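Residue numbers (our numbering): 1036 to 1205.
Glycine included, C-beta positions come from ideal geometry on N, C-alpha and C.
Here the structure is a predicted model, which means the values were calculated and not measured.
Encoded structure:
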């Protein structure tokens, strides 16, 4: 039975929704930050041009189509976690202090970067996959993604946070 949400219909509407999303989000961001000044028309042209470029490139559509739901899910999860802690009796000021701290920002940036890399891998193929080919980029990937290197980075991160925590609490 044919429905309104056939795959062809979704394939037609997805680039349009991506265009609208990028246009509105970038326009709001430019108006809020005033990077290019207070001229609304100039910000409108920049937003429109960027949205058109993303509309034209199919890989960019795939990245945004995959990345946006995960960001919405992450935001919803954070809201639920904060509401849960408020339900348990944690004061709002404490949650604001935690959310504005450097550790929280570090983990959020790390999670967003991982989600973005996953979306890029889905759009452009496994460009981070380690292979045994010769060349500079292949060697760099073999070094960075080696289990010993990742283990050392993990241990150093834990050590840095431990030293920071012990140094601040006497």
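Quick one: is residue i buried, meaning 16 or more other Cβ sit within 10 Å of its Cβ, or exposed?
| i | result |
| --- | --- |
| residue 1061 | buried |
| residue 1118 | exposed |
| residue 1193 | exposed |
| residue 1053 | buried |
| residue 1195 | exposed |
| residue 1148 | exposed |
| residue 1086 | buried |
| residue 1169 | exposed |
| residue 1084 | exposed |
| residue 976 | A question about residue 976 goes unanswered here, because the residues of the chain that appear run from 1036 up to 1205. |
Return the first residue and the last residue of the alpha helix (DSSP H) that residue i is part of.
| i | result |
| --- | --- |
| residue 1164 | Note, residue 1164: premise wrong, no alpha helix (DSSP H); not H, not E. |
| residue 1070 | Unbroken run through residue 1070: none, as it is neither H nor E. |
| residue 1041 | Neither: residue 1041 is in no alpha helix (DSSP H) and is coded neither H nor E. |
| residue 1076 | 1075-1091 |
| residue 1128 | 1127-1134 |
Would residue i and residue j be called neighbours here (beta carbons separated by less than 8 Å)?
| i | j | result |
| --- | --- | --- |
| residue 1150 | residue 1102 | yes |
| residue 1055 | residue 1071 | no |
| residue 1057 | residue 1089 | yes |
| residue 1109 | residue 1051 | no |
| residue 1173 | residue 1166 | yes |
Decide if the region 1119-1131 is in contact with the region 1095-1105; the criterion is three or more beta carbon pairs, one per stretch, under 8 Å apart.
The region 1119-1131 is not in contact with the region 1095-1105.
What runs of the alpha helix (DSSP H), each 4 residues or longer, lie entirely inside the region 1137-1201?
Annotation: the region 1137-1201 contains the following complete segments of the alpha helix (DSSP H) (minimum length 4 residues), in chain order: 1137-1159, 1171-1179.
Are three or more beta carbon pairs between the region 1103-1119 and the region 1068-1083 nearer than 8 Å?
The region 1103-1119, when compared against the region 1068-1083, does not touch it at the 8 Å Cβ threshold.
Determine contact between the region 1171-1184 and the region 1133-1151, defined as no fewer than three beta-carbon pairs at a distance below 8 Å.
Counting C-beta pairs with one atom in each stretch, the region 1171-1184 and the region 1133-1151 have fewer than three that are closer than 8 Å, which means they do not touch.
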